[in-house]
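Same order as they appear, the protein sequences are chains A and B.
For reference, each letter of the first sequence is one residue, going 1 to 371 in my numbering.
For reference, each letter of the second sequence is one residue, going 372 to 643 in my numbering.
The beta-carbon is built from N, C-alpha and C at its ideal position, and this holds for glycine as well.
So the structure is just underneath, and the comments pick up after that.
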Amino acid sequence: MSLGEIVGALRMRRKTARATPPPWAMANKARPRILIIAMALGVVAIALLSTGVGSVFIPPLTVAKILLSHLPLTQVQVGAPSTFEVILFDIRLPRVALVALTGAALATSGTAYQGLFRNPLADPYLIGVAAGAGLGAIGAIALRTTNAPSISAFLVPLASFIGALATVALVYQLGRIGRTTPTTTLILAGVAVGSLATALSTFILLRLGQQMVHVMAFLLGGYSAAGWEAVVAVAPFTFIGFALMYLYARPLNLLLFDEEQARHLGVNVGRVKLVIIVAATLTTAGAVAFSGLIGFVGLVVPHAARLVIGPDHRRLLPLAALGGAGFLMLADLLARTVIAPEELPLGVVTAFVGAPFFLYLLRRARNAAFF
Amino acid sequence: MLTIEHLSAAYGKRMALSDICMEARAGEIVGVMGSNGAGKSSLLHAISGTLAPAQGRVLLNGADLSRVSVDARARQIAVAPQSSHLPGAFTVGEVVLMGRTPHLPFLGAESAHDYEIVNAALTRTATEALAERRIGELSGGEQQRVLIARALAQITGDAGAQPCVLLLDEATAHLDMKHQAAIWELVRQLARSGLIVIAALHDLNLAAQYADRLALLSGGRLLACDRPSQVLTPEWLRRTYDISTTVISHPLYGTPLVALTAEGEPKCNRDL
Numbered sequence: 001m002s003l004g005e006i007v008g009a010l011r012m013r014r015k016t017a018r019a020t021p022p023p024w025a026m027a028n029k030a031r032p033r034i035l036i037i038a039m040a041l042g043v044v045a046i047a048l049l050s051t052g053v054g055s056v057f058i059p060p061l062t063v064a065k066i067l068l069s070h071l072p073l074t075q076v077q078v079g080a081p082s083t084f085e086v087i088l089f090d091i092r093l094p095r096v097a098l099v100a101l102t103g104a105a106l107a108t109s110g111t112a113y114q115g116l117f118r119n120p121l122a123d124p125y126l127i128g129v130a131a132g133a134g135l136g137a138i139g140a141i142a143l144r145t146t147n148a149p150s151i152s153a154f155l156v157p158l159a160s161f162i163g164a165l166a167t168v169a170l171v172y173q174l175g176r177i178g179r180t181t182p183t184t185t186l187i188l189a190g191v192a193v194g195s196l197a198t199a200l201s202t203f204i205l206l207r208l209g210q211q212m213v214h215v216m217a218f219l220l221g222g223y224s225a226a227g228w229e230a231v232v233a234v235a236p237f238t239f240i241g242f243a244l245m246y247l248y249a250r251p252l253n254l255l256l257f258d259e260e261q262a263r264h265l266g267v268n269v270g271r272v273k274l275v276i277i278v279a280a281t282l283t284t285a286g287a288v289a290f291s292g293l294i295g296f297v298g299l300v301v302p303h304a305a306r307l308v309i310g311p312d313h314r315r316l317l318p319l320a321a322l323g324g325a326g327f328l329m330l331a332d333l334l335a336r337t338v339i340a341p342e343e344l345p346l347g348v349v350t351a352f353v354g355a356p357f358f359l360y361l362l363r364r365a366r367n368a369a370f371f
Numbered sequence: 372m373l374t375i376e377h378l379s380a381a382y383g384k385r386m387a388l389s390d391i392c393m394e395a396r397a398g399e400i401v402g403v404m405g406s407n408g409a410g411k412s413s414l415l416h417a418i419s420g421t422l423a424p425a426q427g428r429v430l431l432n433g434a435d436l437s438r439v440s441v442d443a444r445a446r447q448i449a450v451a452p453q454s455s456h457l458p459g460a461f462t463v464g465e466v467v468l469m470g471r472t473p474h475l476p477f478l479g480a481e482s483a484h485d486y487e488i489v490n491a492a493l494t495r496t497a498t499e500a501l502a503e504r505r506i507g508e509l510s511g512g513e514q515q516r517v518l519i520a521r522a523l524a525q526i527t528g529d530a531g532a533q534p535c536v537l538l539l540d541e542a543t544a545h546l547d548m549k550h551q552a553a554i555w556e557l558v559r560q561l562a563r564s565g566l567i568v569i570a571a572l573h574d575l576n577l578a579a580q581y582a583d584r585l586a587l588l589s590g591g592r593l594l595a596c597d598r599p600s601q602v603l604t605p606e607w608l609r610r611t612y613d614i615s616t617t618v619i620s621h622p623l624y625g626t627p628l629v630a631l632t633a634e635g636e637p638k639c640n641r642d643l
């Protein structure tokens with residue numbers, strides 16, 4: 001598209017702005033907005049509750065007051081012990097923030113993979129991306145533990161991203177038949193490459209010997225070591241990945257038909273696929289690097305979001321991000337409280353909740369359209 | 372005017388089209404016929420731009436399509452495919468609105484102008500009552516109308532634009548006769564309003580009734596391109612499909628009616 005065309009289009013848009021959409025479009029605009037706002041409020045509520053619960057309980061209202069008092073230009077009287085602030089800022093908040101980012105990342109990348117491959121089963125785990133990311137992360141962790149912590153914390157997500165990207169490229173090449181990528185071969189290749197990556201990870205783990213315990217905790221989604229450092233390292237992966245996916249939400253909608261129809265509608269299919277794959281892989285890698293392997297979030301949340309808001313990725317991606325964040329924060333809350341003071345691995349909780357829901361979806365899918 | 376000049380194209384090493392020369396004018400329906408693998412879909416793909424020509428070129432209103440951007444091409448050439456790959460949860464209105472994609476800037480939203488065009492496309496295809504329904508709930512005939520509406524929304528441009536192309540790829544192959552006829556009546560109306568319609572189809576009698584001219588393909592080559600009464604003859608049909616036929620004249624319209632005949636001894640249940 002030339003600069004002239006863009007300017008022309010913008011000018012036309014300004015002239016015809018304030019478009020009153022016809023009734024059939026109105027019905028589909030108001031409800032999603034309400035749903036997304038409601039979900040955002042729900043996520044805030046869950047976050048307040050989640051940061052409050054622990055060995056020392058802080059009421060959600062007090063959490064809100066403490067947080068507000070730290071914002072500039074506000075004057076809120078907290079009236080709570082100052083230890084609350086320390087607990088909140090040094091322990092609870094970074095963990096909850098990391099969990100929320102991870103949930104949002106897994107849910108949005110699952111949404112994007114499902115749309116891109118037109119397969120309701122495609123999620124970061126099934127196509128092997130998460131295993132590849134895990135391999136990268138474990139490799140980096142192994143390197144850190146053997147070579148002292150002189151290596152930056154950013155190495156882990158970076159290695160994770162490289163592992164994930166290599167996996168996607170390999171799976172995509174293996175799954176390709178001529179010019180097309182049938183879903184069955186793609187999933188089969190994903191499962192095979194994923195198993196290989198898992199096997200390699202296990203091998204590295206066993207070679208680590210004494211250090212193995214830490215990495216095992218990582219593999220099952222342990223958050224005990226979460227600090228602000230991890231949040232800062234993951235955030236760019238999640239936000240950049242999400243922004244890219246959201247920018248390409250409309251062409252992704254067209255890919256739900258098939259590649260040929262998308263091409264006929266003027267979509268540069270190759271570029272859209274590349275951007276979506278890189279973006280979804282980026283978010284997956286960031287999440288896996290610091291949270292280990294947490295299944296079912298990328299599978300269950302997108303479907304649940306699709307049920308309530310429809311298949312349009314421009315609304316689906318934001319709702320899935322919020323839903324993933326909320327879902328994983330709740331799962332983490334359970335993981336911390338069910339057998340307190342011990343903790344359940346987060347992946348165990350998501351499997352307990354996710355697997356039955358997924359089976360329900362499978363039963364339901366027989367007489368309903370997925371997308 | 373769509374002009375195809377010495378067009379050859381291949382999928383990898385497999386030759387799909389060789390040295391095709393033909394043209395199609397605004398207002399007419401050109402049927403593309405041939406047995407499976409003869410190159411019908413390849414010809415449509417070459418016109419729509421999803422199959423790049425190895426040699427020759429395709430010109431629309433004098434402009435070489437290989438030099439036109441993907442967006443600009445999509446604003447002039449739309450394809451109504453078979454309704455087999457449809458994400459059923461989108462509403463009809465949303466699907467038709469997707470036809471406006473090549474007219475929208477990358478991050479722009481649809482304007483009132485786009486909604487007007489979509490409404491007009493829904494009205495012309497008699498699908499406005501379905502606008503809020505999910506496309507997966509519709510019958511095959513209704514889905515086909517929606518895909519034609521999407522194609523119309525796609526090639527509706529600014530006033531005074533040149534004639535645009537509507538490509539139909541076996542659009543009615545899976546429909547019953549009533550819905551086939553209804554779709555073809557609609558396509559004829561659209562063609563008469565100034566579109567260039569090129570349709571790959573299998574049904575010889577539908578082709579005879581609705582196409583203005585027929586292009587016969589065999590092995591990627593164009594055997595003939597002429598009026599149905601000229602090419603729907605036992606001789607051309609033998610060369611195209613390798614079948615024996617008897618062609619009679621439609622008792623009401625005088626168009627050709629094609630019936631299969633058996634080689635040698637009659638094998639039909641004539642004596643029953």
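Among the residues facing chain B, F117(A) is not included, as its CB has no counterpart in that chain under 8 Å away.
Interface flag for V171(A) against chain B is unset, since no Cβ pair is found closer than 8 Å. A buried status is given to I58(A), since no fewer than 16 other beta-carbon atoms sit within 10 Å of its beta-carbon. The closest CA to that of P23(A), considering only P622(B), L585(B), G464(B), is found on G464(B). Linking T102(A) to F461(B) through their CA atoms gives a straight-line distance of about 29 Å. By the 16-neighbour rule on beta-carbons within 10 angstroms, S454(B) is buried.
Under the three-pair Cβ rule at 8 Å, the stretch 476-491 of chain B does not count as touching the stretch 264-279 of chain A.
Chain B has no Cβ within less than 8 Å of the Cβ of G347(A).
Distances from the CA of G132(A) to each of G54(A), L362(A), V168(A) were compared; the closest alpha carbon is that of V168(A).
The beta-carbon of F242(A) is placed no less than 8 Å from the nearest beta-carbon of chain B. About 11 Å separates the CB atoms of T543(B) and R516(B); that is not less than 8 Å, and the two are not in contact.
By the Cβ neighbour-count rule, V96(A) is buried, with 16 or more other Cβ atoms within 10 Å of its own.
A contact is defined here as three or more CB-CB pairs under 8 Å, and the stretch 441-454 of chain B fails this definition with respect to the stretch 233-241 of chain A. Between the C-alpha atoms of L208(A) and A142(A) there is a straight-line separation of about 7 Å. Residue-level contact by beta carbon fails for Q114(A) and chain B, as no gap is shorter than 8 Å. DSSP places H377(B) in the uninterrupted beta strand (DSSP E) bounded by 373-382.
Interface with chain B (8 Å Cβ-Cβ cutoff): P32(A) is excluded. Distance between L48(A) and G512(B), taken at the CA atoms: about 52 Å. The beta carbons of A579(B) and L603(B) sit about 5 Å from each other, so the pair counts as a contact at 8 Å. The stretch 252-281 of chain A is shown to contain whole alpha helix (DSSP H) runs of 4 or more residues at 259-264, in chain order.
Identification of residues in the stretch 520-547 of chain B having a C-beta nearer than 9 Å to some C-beta of chain A yields R521, A522, Q525, L538, given in sequence order. Of the residues F358(A), R314(A), P302(A), R363(A), the one whose Cα lies closest to the Cα of Y113(A) is P302(A).
Between L299(A) and F358(A), the CB-CB gap stays under 8 Å. Residues of chain B with a Cβ closer than 7 Å to the Cβ of V275(A) do not exist, since the nearest Cβ in that chain sits about 12 Å away. Below the 7 Å Cβ cutoff, chain A contributes P22 as neighbours of N490(B), in chain order. In the structure shown, the three-state DSSP call for V517(B) is helix.
Here DSSP, grouped into helix, strand and coil, assigns P356(A) to helix. At a cut-off of 8 Å between beta carbons, V441(B) contacts chain A. Closest in alpha carbon position to A381(B), among D390(B), G479(B), L585(B), is D390(B).
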